[in-house]
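Beneath this line is the structure, given in structure tokens, with notes to follow.
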Amino acid sequence: MLLRHSRKCTAGLQRSIHTATNTNSLWVWGLRSSLPPVTENVESIVQPKQIIEPIQQQDGKICSIAAGWGHSLIATSDGFSSTVHSYGLNRSGQLGIGRQSLDSCDRGVAMVSDDQIKFLAAGREHSHIVSQDEQGRTKLFSFGNNMYGQLGTGKCKHDSLVAEQVLETTPVQVDGIDGNITHIACGLDNTVLVTDKKHVYSMGWGPDGQLGLGPESSSDRSTPTLVPLMEGKHITKLAGSTDFSLVLTDEGKLWTWGNSEYGQGMLSRKIDRILEPLETGISDVVDIAAGGPFSIILKGNGEVYSCGYGALGSGKGIIETLEPRRVQIDEKITKIFAVQDMAAAISESGQLYIWGLGGHSGRLGLGHLEHVFVPQKVLFDDSPRIVLDLALGTSHAICICT
Numbered sequence: 001m002l003l004r005h006s007r008k009c010t011a012g013l014q015r016s017i018h019t020a021t022n023t024n025s026l027w028v029w030g031l032r033s034s035l036p037p038v039t040e041n042v043e044s045i046v047q048p049k050q051i052i053e054p055i056q057q058q059d060g061k062i063c064s065i066a067a068g069w070g071h072s073l074i075a076t077s078d079g080f081s082s083t084v085h086s087y088g089l090n091r092s093g094q095l096g097i098g099r100q101s102l103d104s105c106d107r108g109v110a111m112v113s114d115d116q117i118k119f120l121a122a123g124r125e126h127s128h129i130v131s132q133d134e135q136g137r138t139k140l141f142s143f144g145n146n147m148y149g150q151l152g153t154g155k156c157k158h159d160s161l162v163a164e165q166v167l168e169t170t171p172v173q174v175d176g177i178d179g180n181i182t183h184i185a186c187g188l189d190n191t192v193l194v195t196d197k198k199h200v201y202s203m204g205w206g207p208d209g210q211l212g213l214g215p216e217s218s219s220d221r222s223t224p225t226l227v228p229l230m231e232g233k234h235i236t237k238l239a240g241s242t243d244f245s246l247v248l249t250d251e252g253k254l255w256t257w258g259n260s261e262y263g264q265g266m267l268s269r270k271i272d273r274i275l276e277p278l279e280t281g282i283s284d285v286v287d288i289a290a291g292g293p294f295s296i297i298l299k300g301n302g303e304v305y306s307c308g309y310g311a312l313g314s315g316k317g318i319i320e321t322l323e324p325r326r327v328q329i330d331e332k333i334t335k336i337f338a339v340q341d342m343a344a345a346i347s348e349s350g351q352l353y354i355w356g357l358g359g360h361s362g363r364l365g366l367g368h369l370e371h372v373f374v375p376q377k378v379l380f381d382d383s384p385r386i387v388l389d390l391a392l393g394t395s396h397a398i399c400i401c402t
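Counting from 1, one number per residue, gives the positions in the sequence shown under the working numbering.
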């Protein structure tokens, strides 16, 4: 594999999605400093804005997107090589472009590779790239904040006797993973991944049970560490964005671990810390999404249910539930997404619905800054758009449409 790390940044200024086609269009909204360059000289983009230059015209098809807590990753391929573009905050090196831009960057290139970019993932201030060669073998590259070992490189703050940041400002390959990576998700300061050998690994911050390693192992881990209770299970879905994880198996069983002080673990009760995976008993689940104090699931009939506290999508008067409660959307849903305090769903017809807290960033993309307590349709422009995928950051969003 030919791998080149670029430190290019043209100016100083969080769920991984994979897709690939030459005809896709890229749309963004939210806090401008977290996004690829747009023409408007404004702080926030409150409605979807199409990004044309330079990604669409120069760099080929869009392969994967991810949004973190103030930064964005976009992978493209021209048929010969793949490029990972990075934008936004770079205080901990989460853009992978080195130290020459320590605050933020409106266009950087973290990696150029002859291999396919299979997944991107972004946490609070850390990032991951999963590449795949022609034989289907995957490699994990990590960069950004590594204070708690969330990059999996074997380093963390506990290795030093003096107070100093532990960072990787360009991509570093991570070893110690058995099998090829099939899923990866970032929490705030932790990472969970799954391989085709039926292993689940976790690394990073662990005091709330984020790593799922059990009551005797709630400390941080700086290398990929097997989650014992998940061994041998075929994982079809993995979700995480803050301090808890959801996992779906091929048997349709939903498992959870980590923080559940608001009932977001979907166990019908509040539990401060779930230190090892617990089965929820909820069945017929086909997709999952983990917000902050809430979670959402998609049933086989296309209905969406939410649980926990906050962005439940059930109206202004309902902000907490310990039992899954249906989110009223007048279409069959095929994909769901969530981050700290907002959520979204894509319908069978390709329409995008969103709900949650608004604010100055305009991150809901609805043309205003208000909170939205029930799902509302996101409008793109005068032309019909079919939404394929979405990445939600805490203050921005990236969307792929036809």
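Every residue, glycine too, gets a C-beta built ideally from N, C-alpha and C.
Check	Outcome
Kindly indicate which residue of Ala-122, Glu-40, Thr-242, Thr-76 has the alpha-carbon position closest to the one of Gly-258.	Thr-242
Secondary structure at Lys-335, three-state DSSP: helix, strand or coil?	strand
Quick one: residues in its chain with C-beta nearer than 6 angstroms to the C-beta of Val-378, no 5 flanking neighbours on either side, listed in chain order?	Leu-352, Ile-354, Gly-365
For His-396, which of helix, strand or coil comes out of DSSP?	strand
Can you have a look at Pro-224 and say buried or exposed, based on whether 16 or more other CB atoms are within 10 angstroms of its CB?	buried
What first and last residue would you give for the beta strand (DSSP E) that runs through Lys-139?	138-145
Assuming Leu-138 and Asn-180 form a contact by the criterion Cβ under 8 angstroms, report the distance between their Cβ atoms to the nearest whole angstrom.	The question names Leu, but residue 138 is Thr in the sequence shown. At roughly 4 angstroms, the Cβ-Cβ gap stays under 8 angstroms, so Thr-138 and Asn-180 are in contact.
According to DSSP, is Met-230 part of a helix, a strand, or is it coil?	helix
Taking the CB atoms as reference points, tell me whether Phe-294 and Gly-310 lie closer together than 8 angstroms.	yes
Could you check the C-alpha separation between Phe-380 and Gln-47 for me, to the nearest Å?	7 angstroms
Tell me whether Asp-382 sits in a helix, a strand or coil according to DSSP, three-state version.	coil
Just to confirm, are Ser-113 and Ser-86 a CB contact at a threshold of 8 angstroms?	no
Along the chain, where does the beta strand (DSSP E) that runs through Pro-171 open and close?	167-174
Taking the DSSP output, what are the residues bridged to Cys-401?	Ser-25, Val-387
Going by alpha carbons, who is nearest to His-234 out of Ile-386, Gly-252, Thr-39?	Gly-252
Please state the DSSP three-state secondary structure of Gln-57.	Residue confidence is low: Gln-57 scores 47 on pLDDT, short of 50, so the model does not pin down where it sits. Its coordinate-derived value is still stated next. The answer is helix: DSSP assigns Gln-57 an H, G or I state.
Determine the direct distance from the alpha carbon of His-128 to that of Phe-141, and round the result to whole angstroms.	6 angstroms
Assuming His-183 and Leu-151 make a contact with CB atoms under 8 angstroms, what is their CB distance in whole Å?	The pair is not a contact, with the Cβ atoms about 18 angstroms apart (cut-off 8 angstroms).
Hey, could you find the ends of the beta strand (DSSP E) Leu-352 is sitting in?	352-356
Let me check one thing: in DSSP terms, what residues is His-85 bridge-paired to?	Ile-74, Val-109
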